[in-house]
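Heads up: the sequence shown begins at 1 in UniProt numbering, then just goes up one per residue.
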Amino acid sequence: MLKKLFQSFRPPVRGQHHRRTTPEVINKSQHSLQRSQFSRHAVNIVERLQSAGYEAYLVGGCVRDLLLGITPKDFDVATSATPEQVRAEFRNARIIGRRFKLVHVHFGRDIIEVATFRAPHSDEDQADSHRSSHNASGRILRDNVYGTLEEDAQRRDFTINALYYDPVSERVLDYANGMHDVRNRLLRLIGDPTHRYQEDPVRMLRAVRFAAKLDFGIEKHTVAPIRELARMLRDIPPARLFEESLKLFLNGQGAITFEMLVDLNLFEPLFPASSHALEERPTYTHTLISQALSNTDLRVKQGKPVTPAFLFAALLWPALPGRVLHLQNQGVPPIPAMNGAAHDLIAEQCQRIAIPKRFTLPIREIWDMQERLPRRSGKRADMMLDNPRFRAGYDFLLLRESAGEETDGLGQWWTDYQDANDSERREMIRELGSRDDGGASGAGPRKRKRSGSKRKREDDQAWD
1 MLKKLFQSFR PPVRGQHHRR TTPEVINKSQ HSLQRSQFSR HAVNIVERLQ SAGYEAYLVG
61 GCVRDLLLGI TPKDFDVATS ATPEQVRAEF RNARIIGRRF KLVHVHFGRD IIEVATFRAP
121 HSDEDQADSH RSSHNASGRI LRDNVYGTLE EDAQRRDFTI NALYYDPVSE RVLDYANGMH
181 DVRNRLLRLI GDPTHRYQED PVRMLRAVRF AAKLDFGIEK HTVAPIRELA RMLRDIPPAR
241 LFEESLKLFL NGQGAITFEM LVDLNLFEPL FPASSHALEE RPTYTHTLIS QALSNTDLRV
301 KQGKPVTPAF LFAALLWPAL PGRVLHLQNQ GVPPIPAMNG AAHDLIAEQC QRIAIPKRFT
361 LPIREIWDMQ ERLPRRSGKR ADMMLDNPRF RAGYDFLLLR ESAGEETDGL GQWWTDYQDA
421 NDSERREMIR ELGSRDDGGA SGAGPRKRKR SGSKRKREDD QAWD
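Structure representation (structure tokens):
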């Protein structure tokens with residue numbers, strides 16, 4: 001699969017890397033797009049802006065996805081109108097952003113994003129920090145330099161995202177041979193790849209995400225600089241990387257995305273501790289993370305809920321046991337050792353990806369359950385079943401076992417315990433004996449006849 005994604009190079013169309021001042025015009029009879037496929041709100045915005053004397057088009061992912069037969073998640077508009085001019089046309093519009101100023105036009109719960117045509121940054125522009133700003137490595141810190149449609153096309157990242165659809169004339173304008181790459185299922189950066197990644201290193205993550213999501217090959221010049229430039233992701237604000245990580249792993253293609261990130265050296269800047277664990281215990285770490293992502297992909301495809309908390313718990317877990325053991329060797333009891341190691345690991349991870357507290361708390365609860373699940377004596381097992389994090393903790397235990405961890409049959413014991421009636425549960429607790437560890441290292445589950453009415457498993461609890 002990776003060979004297919006990284007070596008699917010096809011010769012470029014003559015001149016396609018050179019700036020085009022006139023687009024290829026693709027008429028209604030030459031493409032598959034229908035005006036009715038687009039959001040009526042987005043079409044309305046384009047029509048109103050054109051009526052007001054501005055240029056306006058539907059652009060980017062919505063055009064690309066509809067050409068590929070995919071239902072778009074959102075609809076974006078590009079226009080010659082400035083953000084202030086767009087806001088003047090729509091009472092339900094709001095200007096957002098400073099680094100990249102945009103307009104959101106609200107239609108109830110639907111939001112249409114409207115962006116002004118961007119232009120290359122000149123020396124004069126960079127003298128005005130409100131319009132243009134770069135850091136020492138070339139990363140764009142502020143991008144409010146406006147230009148023409150032709151300039152906007154060259155500023156877009158990939159050729160397949162530089163297709164402009166006019167719902168009035170129903171024509172597509174193609175400045176970068178994007179239609180060629182859509183037909184050939186090829187991901188290609190516009191311009192010099194090294195320079196474009198230096199402008200915004202997140203484009204490397206976008207390349208992986210689009211290739212995985214669309215099942216596209218990555219053109220060889222586009223992929224070539226990534227391994228060397230991957231370290232630049234360390235300079236990206238952690239809050240932005242959190243949003244990007246959700247797009248990477250919750251798009252239904254998380255497992256292949258993980259493989260690509262590791263292969264291109266992009267995983268380490270995102271998850272340094274987990275990357276180290278992947279070097280120390282490659283088989284276990286790779287299996288656990290891949291299995292977690294495969295499970296997530298399946299749930300996404302089935303339309304079931306998923307939560308970043310369970311996913312991040314799995315991505316970070318391989319780095320945790322060694323830290324817990326280190327603290328235990330210093331005399332710290334198991335549960336305090338787990339708490340201390342978990343706190344430090346999450347704090348370090350948040351330096352790279354700013355995981356919000358609403359997710360870090362359940363991550364720690366899922367991990368804490370891994371220390372508590374072996375302690376089943378007395379009333380502990382029944383109290384554990386009443387814990388709102390039991391299902392997530394139990395599913396995480398099964399995930400660990402599927403990756404090869406030895407738990408002395410603990411997962412099967414809890415599976416049987418949930419299915420058992422009251423008398424069977426009391427017998428299972430008695431069989432654990434009166435050991436202080438409550439069965440943490442006891443024998444595996446006894447074989448018994450299952451009751452006729454098996455309790456329905458609440459599959460979604462771990463993910464809600």
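We treat Cβ as the ideally placed atom computed from N, Cα and C, and that holds for glycine.
- When only Cα atoms are considered, G252 and S274 end up about 21 Å apart.
- Taking the C-beta atoms as reference points, I346 is found no nearer than 8 Å to R372.
- A342 and E259 have their C-alpha atoms roughly 25 Å apart.
- Between R299 and P120, the alpha-carbon positions lie close to 42 Å from each other.
- Scanning Q418, R376, E280 and M383 for the CA closest to the CA of D395 turns up Q418.
- Within its own chain, the residues whose Cβ lies closer than 7 Å to the Cβ of R231, once the five positions on either side in sequence are excluded, are P269, listed in chain order.
- In this structure, the CA atom of L49 is about 34 Å from the CA atom of L241.
- Between F117 and T148, the CB-CB gap stays under 8 Å.
- Between the alpha carbons of F267 and F310 lies a gap of roughly 18 Å.
- From the listed residues L163, L229 and I45, the smallest Cα separation to R203 is found for L229.
- Residue pairing by DSSP places D422 opposite no residue, since no beta bridge is assigned to it.
- Here the C-alpha atom of I96 lies approximately 11 Å from the C-alpha atom of R87.
- The C-alpha of G178 is placed about 15 Å away from the C-alpha of N27.
- Non-local C-beta neighbours of N265 in its own chain, meaning closer than 7 Å and more than five positions away in sequence, comprise R227 and A230, ordered along the chain.
- Each residue's CA atom was taken as its position, placing R391 and R426 some 21 Å apart.
- D215 sits in coil when the DSSP states are folded into three classes, being neither helix nor strand.
- Three or more Cβ pairs closer than 8 Å define a contact, and the segment 275-284 falls short of that threshold against the segment 242-251.
- Between F90 and C62 the beta-carbon gap is near 19 Å, outside 8 Å, which marks them as no contact.
- Going by DSSP, H180 is part of the alpha helix (DSSP H) stretching over G178 to R183.
- If you look at L311, you'll find it isn't in any beta strand (DSSP E); it sits in the alpha helix (DSSP H) that goes P308 to L316.
- If you ignore the 5 residues before and after P23, its C-beta comes within less than 6 Å of the C-beta of L173, D174 and Y175, all in its own chain and listed in chain order.
- For H195, the closest of N184, V223 and G217 by C-alpha to C-alpha distance is V223.
- Here F158 really is in contact with R188; their C-beta atoms are around 6 Å apart, less than 8 Å.
- Shown here, R94 sits in a strand according to DSSP, grouped into three states.
- When DSSP states are grouped into helix, strand and coil, R171 belongs to the strand group.
- Annotated three-state conformation of R299 is helix, per DSSP.
- If you draw a straight line from the Cα of R35 to the Cα of R94, it is about 26 Å long.
- Collapsing the DSSP output to three states places F117 in coil.
- The beta carbons of Y164 and Y54 sit no closer together than 8 Å.
- With a threshold of 16 other beta carbon atoms within 10 Å, P374 meets it and is buried.
- Contact check for A255 and L293: beta-carbon distance about 4 Å, within the 8 Å limit, so the pair qualifies.
- With a threshold of 16 other beta carbon atoms within 10 Å, P167 meets it and is buried.
- Note on P193: 16 or more other CB atoms within 10 angstroms of its CB, so buried under the neighbour-count rule.
- Taking a 10 Å sphere around the C-beta of H326, we find fewer than 16 other C-beta atoms and assign the residue as exposed.
- D263 sits in a helix when the DSSP states are folded into three classes.
- As computed with DSSP, A56 is found in a beta bridge with T79.
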